[in-house]
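**Student:** Numbering (full-length UniProt numbering), first residue to last: 1 to 190.
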């Protein structure tokens, strides 16, 4: 839990929020992939960027439930929910919409993944979710692997992250060396 609260975690997520604000992206419904506790990202997306609703898709049972504690105020205002799902193996089709109805057409205008290094390349997610072809993708990854066996998919550049996601239209790409000396890459596009 302590790892989720270090200054580099905050720095990377604040950077993402600032770039969305510069691009004047105001999401209706964000799919946050592997959001962990989603404590920083939900606040940034709703309070700063102006998102109306965030759905955190988290595979970890404990993180899923802990995220409700951190995001209680958003949950009570019906602006946040968390769902347990392996998003790299199971499509977001069939997920209950905000009215509680099962639909194949549940869409998210923005898809955020701040932990691409922990997952298969994003082309796989896009392949099993063709209904999200018009969604804006906001992706972060790193080249850092030292003492991180769970970093199964690091990248060496923004270009590699763009290629892995098969983005055709790039709105933003950049890199930042964080306080912990880790290089983070951020790409935004479709």
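Ideal placement from N, C-alpha and C gives every residue a C-beta, glycine not left out.
Just to confirm, is the Cβ distance from residue 188 to residue 138 under 7 Å?
**Tutor:** yes
**Student:** Tell me whether residue 95 counts as near the ligand PLP, meaning its Cβ is closer than 6 Å to at least one heavy atom of that ligand.
**Tutor:** By its list of ligands, the structure shown contains no ligand whatsoever, and the ligand PLP lies outside what it can speak to.
**Student:** Leaving out five residues before and five after residue 53 in sequence, what residues of the same chain have Cβ atoms less than 6 Å from its Cβ?
**Tutor:** 29, 79
**Student:** When you compare only the Cα positions, how much space is there between residue 11 and residue 128?
**Tutor:** Those two C-alpha atoms are separated by around 31 Å.
**Student:** With the cut-off set at 7 Å, would you say residue 182 and residue 142 are in Cβ contact?
**Tutor:** yes
**Student:** For residue 184, is the classification buried or exposed, using 16 other Cβ atoms within 10 angstroms of its Cβ as the cut-off for buried?
**Tutor:** buried
**Student:** Here's a check: name, in chain order, each residue in its chain whose Cβ is nearer than 6 Å to the Cβ of residue 67, leaving out the five neighbours to either side.
**Tutor:** Excluding sequence neighbours, residue 67 sits near 37, 38, 56, 82.
**Student:** Determine the contact status of residue 153 and residue 33, defining contact as a CB-CB distance below 7 Å.
**Tutor:** no
**Student:** Among 71, 115, 166, 116, whose alpha-carbon lies nearest the alpha-carbon of residue 43?
**Tutor:** Closest by C-alpha distance to residue 43, out of 71, 115, 166, 116, is 71.
**Student:** CB residue 130 to CB residue 164, shorter than 7 Å?
**Tutor:** no
**Student:** Measure the alpha-carbon distance for residue 147 versus residue 117 and round it to whole angstroms.
**Tutor:** In a straight line, the C-alpha of residue 147 is about 13 Å away from that of residue 117.
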